[in-house]
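Okay, so the sequence shown: first residue is 19 according to my numbering, each after it adds one.
For each residue, glycine too, the CB sits at the ideal point set by N, CA and C.
Predicted, not measured: the structure shown is a model, and the values here were computed from it.
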Amino acid sequence: MRLFRLLCPLIGLLFAFQFNAYGQSPYTIEKKIDKKVTPIAIQSGDASAQALASFAFNTHGAFSVTTPSKASAVLVLTPLTGNRCQLKIVTGSPAQVLYEGTADGSSPESAILRACDAAVKALTNKPGYFGGQIAFVSNRTGNREVWMGDLFFRWVKPLTTDKSNALRPYLAPDAKTVFYRSYYRTGFPDVFKQDVATGRRVPFASYKGTNAGGAVSPNGQQVALTLSAPGNMELYVADINSSGKPLRLTTNRYVETDPAWSPDGRRLVVTSDQLGYPQLYEIPSRGGPMTRLQTNISKYCAEPSWNPLDESKIVFTANMGGSYELALYQFGQGSAQVLTSFPGDAKEAVWLNDGRHIIYTEKAPGNREKLVIFDSETKKRTPITPDNFGNASQASFAY
Numbered sequence: 019m020r021l022f023r024l025l026c027p028l029i030g031l032l033f034a035f036q037f038n039a040y041g042q043s044p045y046t047i048e049k050k051i052d053k054k055v056t057p058i059a060i061q062s063g064d065a066s067a068q069a070l071a072s073f074a075f076n077t078h079g080a081f082s083v084t085t086p087s088k089a090s091a092v093l094v095l096t097p098l099t100g101n102r103c104q105l106k107i108v109t110g111s112p113a114q115v116l117y118e119g120t121a122d123g124s125s126p127e128s129a130i131l132r133a134c135d136a137a138v139k140a141l142t143n144k145p146g147y148f149g150g151q152i153a154f155v156s157n158r159t160g161n162r163e164v165w166m167g168d169l170f171f172r173w174v175k176p177l178t179t180d181k182s183n184a185l186r187p188y189l190a191p192d193a194k195t196v197f198y199r200s201y202y203r204t205g206f207p208d209v210f211k212q213d214v215a216t217g218r219r220v221p222f223a224s225y226k227g228t229n230a231g232g233a234v235s236p237n238g239q240q241v242a243l244t245l246s247a248p249g250n251m252e253l254y255v256a257d258i259n260s261s262g263k264p265l266r267l268t269t270n271r272y273v274e275t276d277p278a279w280s281p282d283g284r285r286l287v288v289t290s291d292q293l294g295y296p297q298l299y300e301i302p303s304r305g306g307p308m309t310r311l312q313t314n315i316s317k318y319c320a321e322p323s324w325n326p327l328d329e330s331k332i333v334f335t336a337n338m339g340g341s342y343e344l345a346l347y348q349f350g351q352g353s354a355q356v357l358t359s360f361p362g363d364a365k366e367a368v369w370l371n372d373g374r375h376i377i378y379t380e381k382a383p384g385n386r387e388k389l390v391i392f393d394s395e396t397k398k399r400t401p402i403t404p405d406n407f408g409n410a411s412q413a414s415f416a417y
């Protein structure tokens with residue numbers, strides 16, 4: 019990955035602009051850093067802001083946090099009132115301001131992370147993921163409930179509290195709505211749709227039998243479901259507003275699960291047991307023939323997630339000699355490659371919005387489940403679940 023080089027005199031190095039609510043800037047620095055890992059320093063008069071920013075950047079495989087004397091760039095963060103944070107990127111000797119602006123957030127911590135995302139964008143020309151949100155499953159209260167919060171667990175809250183075994187949440191792209199499977203009220207597995215802000219939820223799929231899935235399309239308009247009402251688990255696509263009957267995509271005697279959307283919303287990748295064991299297949303999202311993805315790596319391939327920026331890449335779970343590992347399938351290549359090698363299980367991976375990092379569930383033998391950020395390029399892994407939090411798994415991500 020090419021990073022920005024901080025070199026040669028630049029005319030008009032002092033730039034001023036405002037970031038929008040998502041920490042995006044109207045330009046990026048033109049020069050590139052010829053390094054795979056860029057050393058940066060973080061400075062702030064607010065110790066908590068500096069600690070949060072340092073932790074965030076230490077999860078990113080393209081950066082290392084060091085002292086100003088060893089850094090290619092110094093990030094100066096100044097939290098402001100009104101959930102805002104000022105950012106300056108300084109480099110050179112004498113020091114020159116390459117970049118200056120203000121990021122807005124929904125909280126002081128959110129503003130800090132959005133400012134850091136703006137720095138990532140400026141230095142790599144790739145989006146930052148720090149300001150994203152996650153929904154996940156935790157038994158922290160004694161039962162499996164859906165939780166939601168920021169990526170680094172600075173604020174998290176339960177979305178469900180009904181002791182009904184909630185599973186597999188899917189966030190809509192705007193993070194305002196979450197879908198999940200639960201045994202709430204009926205005692206049977208139904209898919210629910212819940213408003214994150216108000217907590218209001220309604221049954222979304224409550225047909226006879228097992229209702230699962232809930233993956234929302236990239237445009238936020240459709241939901242992929244797997245329903246057993248026909249007699250076995252078949253793949254469907256429904257309008258997110260529940261208008262009309264869902265469109266049935268498969269008609270067979272096999273089991274389809276784990277739907278995930280392509281970046282353009284035109285295809286889905288699912289797990290199917292057509293061969294007698296789970297493998298990955300793609301299918302047009304408006305219906306058509308299923309095509310097997312030739313992973314050629316394991317007789318257990320499941321839980322796919324399609325890269326949001328590079329449609330040639332799909333990460334999934336593979337059973338490798340009795341343990342579960344993350345693997346990467348790329349269209350046009352002969353076989354998938356194993357990404358993780360861990361004494362335990364790595365599963366339930368989803369891409370972050372930069373198309374480089376992944377969040378997944380990790381469980382060492384005898385230990386609890388925790389969420390980990392993984393850099394698919396450097397293989398750097400960073401656990402993000404606090405030690406005293408309890409189990410956390412099945413993450414969904416939105417920015």
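Under the rule that a run must span 3 or more residues, the beta strand (DSSP E) segments found entirely inside the stretch 161–209 read 163–168, 174–176, 185–189, 195–200. Per DSSP, reduced to three states, the secondary structure at N76 is helical.
The residues F81, V83, in chain order, have a CB closer than 6 angstroms to that of F75 in the same chain once the five nearest residues on each side in sequence are set aside. The C-alpha of A336 lies about 13 angstroms from the C-alpha of T379. Under the rule that a run must span 3 or more residues, the beta strand (DSSP E) segments found entirely inside the stretch 292–337 read 297–302, 319–324.
The residue from T396, L327, P221, Q292 with its alpha-carbon nearest to that of R310 is Q292.
With contacts defined by Cβ atoms closer than 9 angstroms, S246 and T228 form a contacting pair. A Cβ-Cβ distance of about 6 angstroms is found for the pair S90 and P57, placing them in contact under the 8 angstroms criterion.
Scanning A256, A193, V196, N237 for the CA closest to the CA of A223 turns up A256.
Residue pairing for Q240: DSSP places it in a beta bridge opposite D257. For S330, the closest of S316, Q348, C319, T313 by C-alpha to C-alpha distance is Q348.
In this structure the stretch 317–325 does not touch the stretch 355–362; the number of beta carbon pairs closer than 8 angstroms is below three. For S125, the closest C-alpha among the options E118, R102, K139 is that of R102. Taking a C-beta distance under 9 angstroms as the contact criterion, P277 and L253 qualify as a contact pair.
When the beta-carbon positions are compared, C319 and T275 stay at least 9 angstroms from each other. As the crow flies, the alpha-carbon of K175 is around 12 angstroms from that of F407. When DSSP states are grouped into helix, strand and coil, I107 belongs to the strand group. Distances from the CA of V164 to each of G149, C134, F148, T195 were compared; the closest alpha carbon is that of T195. For E343, the three-state secondary structure derived from DSSP is strand. In the DSSP annotation of this structure, T400 is not part of any alpha helix (DSSP H); the continuous beta strand (DSSP E) holding it starts and ends at 399–401. Measuring C-alpha to C-alpha distances from N371 to each of E343, S414, E387, G352 identifies S414 as the nearest.
Across the structure, T216 and T178 are spaced so that their CA atoms are roughly 12 angstroms apart. In the three-state reduction of the DSSP assignment, R158 falls in the coil class, being assigned neither a helical nor a strand state. The beta-carbon separation of L169 and G150, rounded to 5 angstroms, stays under the 8 angstroms limit for a contact.
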